[in-house]
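As you go down the protein sequences, you meet chains A and B in turn.
Counting from 1241, one number per residue, gives the positions in the first sequence under the numbering used here.
Counting from 839, one number per residue, gives the positions in the second sequence under the numbering used here.
All C-beta atoms, glycine included, are put in the ideal place defined by N, C-alpha and C.
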Amino acid sequence: MTYHNNIIDHYENPRNVGSMDKLDPNVGTGLVGAPACGDVVKLQIKVENGVIVEAKFKTFGCGSAIASSSLVTEWIKGKNIEEASAIKNQEIAKYLALPPVKLHCSMLAEDAIKAAIADYKEKQSK
Amino acid sequence: MEDLVQSQKNKLLSSNVRFPIYLDYQSTTPIDPIVLEEMIPYFSTKYGNPHSKSHVFGWEAEDAVENARDQVAKLIGANPKEIVFTSGATESNNLAIKGLAKFYGDKKNHIITLATEHKCVLDALRHLEQEGFSVTYLGVEKNGLVNLEELEKSITDKTLLISIMAVNNEIGVIQPLEAIGALCRKHDVFFHSDIAQAFGKIPIDVNKCNIDLASISAHKIYGPKGVGALYVRRKPRVRILPLFNGGGQERGMRSGTLSPALVAGFGKAAEIAASRMQEDLDHVKKLFDYFYKKITDNLTEVFLNGDLNARYLGNINLSFAYAEGESIILAIKDLAVSSGSACTSSSLEPSYVLRALGVDVELAHTSIRFGFGRFTTMEEVDFAADLVISKIGFLRELSPLWEMVQEGIDLKSINWAAH
């Protein structure tokens, strides 16, 4: 399988790798996927005044899964929550030119954003 | 670590080592230059058909084929008349299994095999099932070896054939052929063995092991692709029906004109393998020991798949917990290796061989097969080990699973959403 340059770029130089304090009320954590399926994405966002000011990720998975997660951390930074929730897996797949067999990686990245936002909202509502 | 790896790579590049470094010797081997030299005349001046009996062109081609037949037979203690040349091990496996089943199928219709056999054996058997045969796919022990008691228990008075490979292509374990052969004799069952990964690499004697049919491939032993052989026992005689019909070449078992160039190369490769088997074995053992020790000294949670002792040491299949296989392959792209998980073949299913060993599906996703051979050097293996150590470190830093385990979280306690 040959990879698009955008995948290689994000895979070899992943952006925003790391973790934030998951107990921080301003941090939302999304953990999606399953080890048995071969990919797990942990995506964290830090929100201030409705805007995502920081995003961090860690991913267990193939190059496409790592690149998809790295890419969305770049995309969501500076966006407000509504804008970030509107990111679609098709956009991720298109940017990275994912082959059909790897489309689930982009879906996982979309799910991770939604899960992180849901976690943040739940914390805020408490 | 990164710098060290880069400087090692530069050193290798300056001594003309070709990148990526080829560590996939189970998939195929580079052709030995001596073998290639042997083949060339049969592509140019000696172009006769080995089955032409009326002129010198045919005779010299036939001589080449018969000489190769001797060389191949010698390596497994067979009579040259028991060697049928084919296009490779896939054809040989099909010819052995289907050919035997079709000849004797009206008397006995049960076949026993292992769940860890090569895809082409399993697929041929699935095909026979559709034709009414019943097949037992035996599981294996955690170390990848057959359980002989279970094997014996699964034999019935309808059992025609036991098909068990010599060396597993994915995990390198060596099955106890002698004991299996003894069981087969005791119960009057034919014994077929796919010896493609063993032929020329470890000593195999078809008589000592009571093997009736054995499948062989040339390109696993530094010979050309597209040629192989099936050993078919003559005493007591084993009968098979051919897969296809034609001029009746190869004693009627495999019609079609042989390629003298490929066959001659195959013979030469077998001759070389016979003359330096111990040397080759010592060489891969040295590489295996060095690589395995260096990796396990520097990385935790690395697991060897398949038995450590009953093993062909040119194969080292490792699971690197919490780093996914396909991302490992991408990270170590200076090495040509294969994923134990079949992700790269785009099926996204982890290896059925590892699953049959009872390897957790999570761990099966983290497996890589490294293959060493005659032309692998210690410098290459040393570089490979350092690269793997560095990149597994990188991928684990990137892995949420690794982080959770470091925090003391039991991954099994988490309710993962399968997707």
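Going by C-alpha to C-alpha distance, which of the options sits closest to residue i?
{"i": "residue 934 of chain B", "options": "B:1199, B:1135, B:1053", "result": "B:1053"}
{"i": "residue 1126 of chain B", "options": "B:1156, B:1246, B:988, B:1027", "result": "B:1156"}
{"i": "residue 1153 of chain B", "options": "B:1079, B:1070, B:1005, B:1090", "result": "B:1005"}
{"i": "residue 965 of chain B", "options": "B:1239, B:936, B:1046", "result": "B:936"}
{"i": "residue 924 of chain B", "options": "B:1104, B:1207, B:849", "result": "B:1104"}
{"i": "residue 1160 of chain B", "options": "B:1241, B:1175, B:962", "result": "B:1241"}
{"i": "residue 902 of chain B", "options": "B:1097, B:851, B:1187, B:1057", "result": "B:1097"}
{"i": "residue 1058 of chain B", "options": "B:1040, B:1045, B:1071, B:1072", "result": "B:1040"}
{"i": "residue 1335 of chain A", "options": "A:1317, A:1307, A:1319, A:1361", "result": "A:1307"}
{"i": "residue 1309 of chain A", "options": "A:1242, A:1331, A:1288", "result": "A:1331"}
{"i": "residue 974 of chain B", "options": "B:982, B:994, B:858", "result": "B:994"}
{"i": "residue 1202 of chain B", "options": "B:1225, B:1177, B:1226, B:1218", "result": "B:1177"}
{"i": "residue 1015 of chain B", "options": "B:893, B:1045, B:992", "result": "B:1045"}
{"i": "residue 982 of chain B", "options": "B:967, B:992, B:955", "result": "B:955"}
{"i": "residue 904 of chain B", "options": "B:892, B:888, B:970, B:915", "result": "B:888"}
{"i": "residue 1028 of chain B", "options": "B:865, B:990, B:997, B:1034", "result": "B:997"}
{"i": "residue 1036 of chain B", "options": "B:990, B:913, B:919", "result": "B:913"}
Can you pull the chain A residues whose beta carbon is under 9 Å from the beta carbon of residue i, in chain order?
{"i": "residue 1199 of chain B", "result": "1275, 1276, 1277, 1278"}
{"i": "residue 889 of chain B", "result": "Going along chain A, no residue has its Cβ under 9 Å from residue 889 of chain B, so there is no contact; the nearest lies around 43 Å."}
Which residues in chain A sit within 8 Å of residue i, going by Cβ to Cβ distance?
{"i": "residue 1160 of chain B", "result": "1300"}
{"i": "residue 1238 of chain B", "result": "1271, 1280, 1281, 1282, 1298, 1299, 1300"}
{"i": "residue 1255 of chain B", "result": "1272, 1273, 1274"}
{"i": "residue 1249 of chain B", "result": "1275"}
Which whole-angstrom value describes the C-beta separation of residue i and residue j, a residue pair presumed to lie in contact below a C-beta threshold of 8 Å?
{"i": "residue 1343 of chain A", "j": "residue 1356 of chain A", "result": "That pair is no contact at about 21 Å."}
{"i": "residue 906 of chain B", "j": "residue 886 of chain B", "result": "Not confirmed; about 15 Å, so no contact."}
{"i": "residue 984 of chain B", "j": "residue 952 of chain B", "result": "6 Å"}
{"i": "residue 1354 of chain A", "j": "residue 1265 of chain A", "result": "Residue 1354 of chain A to residue 1265 of chain A, Cβ: 19 Å. No contact."}
{"i": "residue 1150 of chain B", "j": "residue 1010 of chain B", "result": "5 Å"}
{"i": "residue 877 of chain B", "j": "residue 1062 of chain B", "result": "7 Å"}
{"i": "residue 863 of chain B", "j": "residue 1144 of chain B", "result": "With a Cβ gap of about 15 Å, residue 863 of chain B and residue 1144 of chain B do not count as contacting."}
{"i": "residue 1195 of chain B", "j": "residue 978 of chain B", "result": "6 Å"}
{"i": "residue 1348 of chain A", "j": "residue 1305 of chain A", "result": "6 Å"}
Would you verify that the beta carbon of residue i is, or is not, closer than 8 Å to some beta carbon of chain A?
{"i": "residue 1180 of chain B", "result": "With a pLDDT of 47 at residue 1180 of chain B, under the threshold of 50, the modelled position of this residue cannot be trusted; read the value that follows with caution. By this cut-off, residue 1180 of chain B is not an interface position."}
{"i": "residue 1174 of chain B", "result": "no"}
{"i": "residue 839 of chain B", "result": "no"}
{"i": "residue 1241 of chain B", "result": "yes"}
{"i": "residue 1121 of chain B", "result": "no"}
{"i": "residue 893 of chain B", "result": "no"}
{"i": "residue 1203 of chain B", "result": "yes"}
{"i": "residue 1184 of chain B", "result": "In this prediction, residue 1184 of chain B scores a pLDDT of 47, lower than 50, which makes its location untrustworthy; the coordinate-derived value is nonetheless stated afterwards. By this cut-off, residue 1184 of chain B is an interface position."}
Can you confirm whether residue i, when its beta carbon is compared against all beta carbons of chain B, has any partner nearer than 8 Å?
{"i": "residue 1254 of chain A", "result": "yes"}
{"i": "residue 1303 of chain A", "result": "yes"}
{"i": "residue 1360 of chain A", "result": "no"}
For residue i, is the beta carbon positioned less than 7 Å from some heavy atom of the ligand FAD?
{"i": "residue 1255 of chain A", "result": "No copy of the ligand FAD occurs in the structure displayed, which carries no ligand at all."}
So with CB distances below 7 Å, who are the chain B contacts of residue i?
{"i": "residue 1306 of chain A", "result": "1165, 1236"}
Taking residue i as the query, report the chain B residues whose CB atoms sit under 9 Å from its CB, ordered along the chain.
{"i": "residue 1251 of chain A", "result": "1165, 1168, 1169"}
Give the residues of chain B in contact with residue i, contact being defined as C-beta atoms less than 8 Å apart.
{"i": "residue 1257 of chain A", "result": "1235, 1236"}
For a contact meaning CB atoms closer than 7 Å, what does residue i contact in chain A?
{"i": "residue 948 of chain B", "result": "In chain order: nothing, as chain A lies at least about 34 Å away."}
Would you please verify whether the beta carbon of residue i is less than 8 Å from any beta carbon of chain D?
{"i": "residue 1085 of chain B", "result": "The displayed structure is made up of protein chains A and B, and chain D is not among them."}
**Request:** Can you check the segment 998-1067 of chain B for any alpha helix (DSSP H) of at least 4 residues that lies completely inside it and give the ranges in chain order?
**Result:** 1015-1024
**Any alpha helix (DSSP H) of 4 or more consecutive residues that is wholly inside the segment 1148-1183 of chain B** = 1163-1169
**Asked** In the segment 1066-1126 of chain B, which residue ranges form an unbroken alpha helix (DSSP H) of at least 4 residues, counting only runs that do not cross its ends?
**Response** 1098-1113
**Item:** Secondary structure, beta strand (DSSP E): runs of 3+ residues fully inside the segment 1270-1349 of chain A
**Value:** 1279-1288, 1291-1300
**Message:** Report the start-end ranges of each alpha helix (DSSP H) in the segment 1182-1213 of chain B that is 4 residues or longer and not cut off at the edges.
**Reply:** 1190-1194, 1199-1202
**Request:** Entirely within the segment 909-973 of chain B and at least 4 residues each: give me those alpha helix (DSSP H) ranges in chain order.
**Result:** 927-942, 957-968
**Asked** At what residue ranges does the segment 865-892 of chain B contain a whole run of the alpha helix (DSSP H), taking only runs of 4 or more?
**Response** 871-877
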